[in-house]
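Numbering (this note's numbering), first residue to last: 3 to 105.
Every residue gets a Cβ at the ideal spot worked out from N, C-alpha and C, and that includes glycine.
All of these numbers come straight from a predicted model, not from anything done at the bench.
Structure, as structure tokens:
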């Protein structure tokens with residue numbers, strides 16, 4: 003179903019980044035990062051559905067086009083702890099960036 007959460011999660015160190023596959027949704031759809039560090043997320047679109055051709059991070063005022071078969075790196079600035087949504091432009095595919103206080 004569109005927009006359903008797969009409950010896949012990835013904890014990422016800022017320096018290593020994370021790869022998010024785009025195919026019927028975002029995999030993983032939850033990315034956990036430490037607060038106060040810039041974040042690099044690489045989106046790898048593996049489908050041709052027009053719904054998934056763009057990813058939007060509204061809280062950061064950022065978006066990126068995702069050509070099929072290409073890796074696109076999205077760099078986000080340091081953010082305070084909290085949950086930040088990301089989605090396709092149609093808001094049917096959704097994911098969450100979880101920024102946690104550093105331990």
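The straight-line gap separating the alpha-carbon atoms of residue 102 and residue 36 is approximately 5 Å. Counting only runs of 3+ residues, the beta strand (DSSP E) found wholly inside the segment 19-94 occupies 20-24, 32-36, 41-47, 56-59, 64-67, 73-78 and 84-90, in chain order. With respect to residue 79, residue 62 sits close: the two C-beta atoms are nearer than 8 Å.
In the three-state reduction of the DSSP assignment, residue 103 falls in the coil class, being assigned neither a helical nor a strand state.
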